[in-house]
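Before any comments, here is the structure.
Next comes the structure, spelled out in structure tokens:
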């Protein structure tokens, strides 16, 4: 086959590279074939144009037939096994027309995708032996550099690639080569950095989702996908076939050009995924075409998975070690929060050394409102306050924000670089603006790049971008793009590590908890002070108010025996009656306030005795029916016979009085107010007070038992009656509830224990 010319890419910029839909290339690499089919009916939807020749069948027949008419029985069984348990992929081996083949199946986007390659014929015992020896070697290493150095050597020994590097992604997604195993004929990449644009975002996502990707020959001609008998050739919705998980997926022509410019014709990438994040790659390159059989790929994938687990374990071990080392300063800071009398963060002003040590910072700023306390090397107070407000807008729900290059995030802070290139912040919830900023200075250092990271684009035919018209072309040239390029980096601090972020998050949580505890204590103290005041005032006023009521009654009796003009006597009696009613109302309110204070303090006591229900309702009727009659209503009582309860008679009357009084207030004239009592069957007696008033809207019903709640204004009352009624009922071990329909009326129900 005549080698293809290296792919060229026109009309591309870096943003276009990041948007390239590399998961739907519409083609595959030619070292295998691909068939996409419906997993239920086995109907072929698409196939690569080489599938017919690869399988020894007519392509048109393949595209118009169910898969079970094409594949041999053993292959179909393997397909069925994979479809029934997608978590355990099966590699099938079969023969068609004298050609030994192997295939794998995966499901994605509603379709099953079968990929077929030539079966390997070489002995596999050597692969297994190398894998076993490699895993044993890796399992004994307990530091990252040694682990990666061994991993690249093991993969190179397994695969035979000219170069294998361990490539780690930094926080900004640029890559750094941490370990390398290579032949003497290829350039050294160890220690070099490569810009984020070399592996765009959507490519990194595919690496994260797939453990391995191979290109046996970068000079290949892509094999297009051909539509099945449905005519569209696309899955549901006429979407292009998604090859995100297909090993044979054709890669971007930009990447093929990249390989060619590096002097490579074959490559393999093994992903290193830690905690669901693409940590890095074991990246392999070869100067000539190199086929990697499936068992060899499987062995390399196993190495990648094992190394990923080891990296995760080492990171966790290091995190725990660092957390333990900072436990002392964490305790000091948490203790200072608890001891602070005002805002918790103010307690850290006396813990300067601990405040810096907890995140290994050079400076810090504690901001509470407009107050700023600076520690160590920090910007001026006014700048720190402005920065804290700027950070608070960006911290989001987590309340944590960090950067190692503040001036690159916003150029306004370029003047802070010498002391605050790195910023780690915790922001506490409103209303008061409060946060802590930790600072690290810039660390001027030299980075060794594999080529100039700021000049990845050259114009067509080698012209400079400035001279190009109308648009530049992305073209990476090995001699210029991969030769050592030294860059002095300013405005960046040492990165904030996992332990720094962990400690900051824990301190924020502790600060919030401490602040909440302080607020709760203050609220409890305020409630206690209020309750004590209410109790004292109510108690101290009740005696003089009783005197006022009694004296008003005495005055009325004296006026009856006095000789005075009729109109004068009538006015005096009316005034005395007003004083008496007001005094009685005030005495009732004072009693309610005393009950409220007892309920709030948890000291509300009742004295239950055996009480006949009918007798209790008769007594209530005698005292309360005049209230109803004054409103031209009838009070009707209907107790079930032979019921006895255990209740405090005085408190039971208080509940009935409140409920009947409320019913009378809101029921229309010439209506009945029904009071019933029945046994519930679970050891309780249920009392109900029903009226035919206007009812209570559903949205208000949950509120009626809250203190100070009133259904309507202008009808008197302090809004304590139902709250106290609930307290009385619950003190008896019962419950109280409301049933109400607007326009039809309200029924209040409460229970007390049967005797």
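Numbering (this note's numbering), first residue to last: 8 to 762.
The C-beta atom is built at its ideal place from N, Cα and C for all residues, glycine as well.
With distances taken between CA atoms, residue 616 lies nearest to 761 out of 761, 705, 336, 751.
Every beta strand (DSSP E) of 3 residues or more that sits fully in the stretch 94-175 is shown, in chain order, as 99-103, 106-115, 118-125. Taking the CA atoms as reference points, residue 396 sits about 49 Å from residue 257. Bounds of the beta strand (DSSP E) holding residue 646 are 641-646. Here the stretch 432-445 does not lie against the stretch 523-535, with fewer than 3 beta-carbon pairs under 8 Å apart. Counting only residues of its own chain and dropping the five nearest sequence neighbours on each side, residue 38 has a CB closer than 6 Å to the CB of 223. Distance from the Cα of residue 637 is smallest, within the candidate group 676, 117, 405, for 676. Taking each of 196, 165, 43 in turn and checking the Cα distance to residue 457, the smallest one comes out for 196. Among the bridge pairs identified by DSSP, residue 53 is matched with 43, 234.
Going by beta carbons, residue 646 and residue 621 fall inside the 8 Å limit.
Note: residue 407 is bridge-paired with 433 in the DSSP secondary-structure output. Taking all protein chains shown into account, residue 136 has fewer than 16 neighbouring C-beta atoms within 10 Å of its C-beta and is therefore exposed. A Cβ-Cβ separation of about 5 Å places residue 427 in contact with residue 386 under the 8 Å criterion. In the DSSP assignment, residue 195 falls outside any beta strand (DSSP E), carrying neither H nor E. Per the coordinates, the alpha-carbon of residue 71 lies some 41 Å from the alpha-carbon of residue 165.
With a cutoff of 8 Å on beta-carbon distance, residue 168 and residue 293 are scored as near each other. Residue range 752-760 is occupied by the beta strand (DSSP E) that includes residue 755. Separation of residue 504 and residue 134 (C-alpha to C-alpha, rounded to the nearest whole angstrom) is 39 Å. Rounded to whole angstroms, residue 518 and residue 351 show a C-alpha spacing of 6 Å.
Rounded to the nearest whole angstrom, the C-alpha separation of residue 508 and residue 446 is 13 Å. Taking C-beta separations shorter than 6 Å and ignoring five residues to either side along the sequence, the partners of residue 183 in its chain run 175, 200, following chain order.
When the five nearest sequence neighbours on each side are left out, the beta carbons in the same chain lying within less than 8 Å of the beta carbon of residue 670 are those of 680, 696, 697, 698, 700, 753, 755, in order along the chain.
In the same chain as residue 231, and ignoring 5 residues on each side of it, the C-beta atoms closer than 8 Å to its own belong to 33, 34, 55, 56, in chain order. Nearest in C-alpha terms to residue 149, of all of 98, 296, 319, 347, is 319. The residues 613, 615, 654, 759, 760, in chain order, have a CB closer than 7 Å to that of residue 739 in the same chain once the five nearest residues on each side in sequence are set aside. Sequence-distant Cβ neighbours of residue 252 in its own chain, meaning closer than 8 Å and more than five residues away, are 113, 115, 120, 216, 217. Residue pairing of residue 292 in beta bridges, as defined by DSSP: 170, 274. Listed in chain order, the non-local C-beta contacts of residue 75 below 7 Å within the same chain comprise 49, 83, local neighbours out to five positions each way being set aside. Residue range 656-673 is occupied by the alpha helix (DSSP H) that includes residue 668. Nearest to residue 422 by C-alpha distance, out of 408, 448, 433, is 448.
Its chain contains 627, 630, 631 as the residues whose beta carbon lies nearer than 8 Å to that of residue 664, once the 5 sequence neighbours on both sides are disregarded; these appear in chain order. By DSSP's assignment, residue 73 forms a beta bridge with 50.
Taking C-beta atoms as the reference points, residue 416 and residue 452 fail to come closer than 8 Å. Only residues of its own chain outside the window of five on either side were considered, and among them 747, 748, 749, 750, 751, 752, 753 have a CB closer than 8 Å to the CB of residue 702, listed in chain order. Closest in C-alpha terms to residue 714, from the list 705, 706, 732, comes 732. Minimum Cα-Cα distance from residue 330 among the listed residues 367, 736, 360, 353 corresponds to 367.
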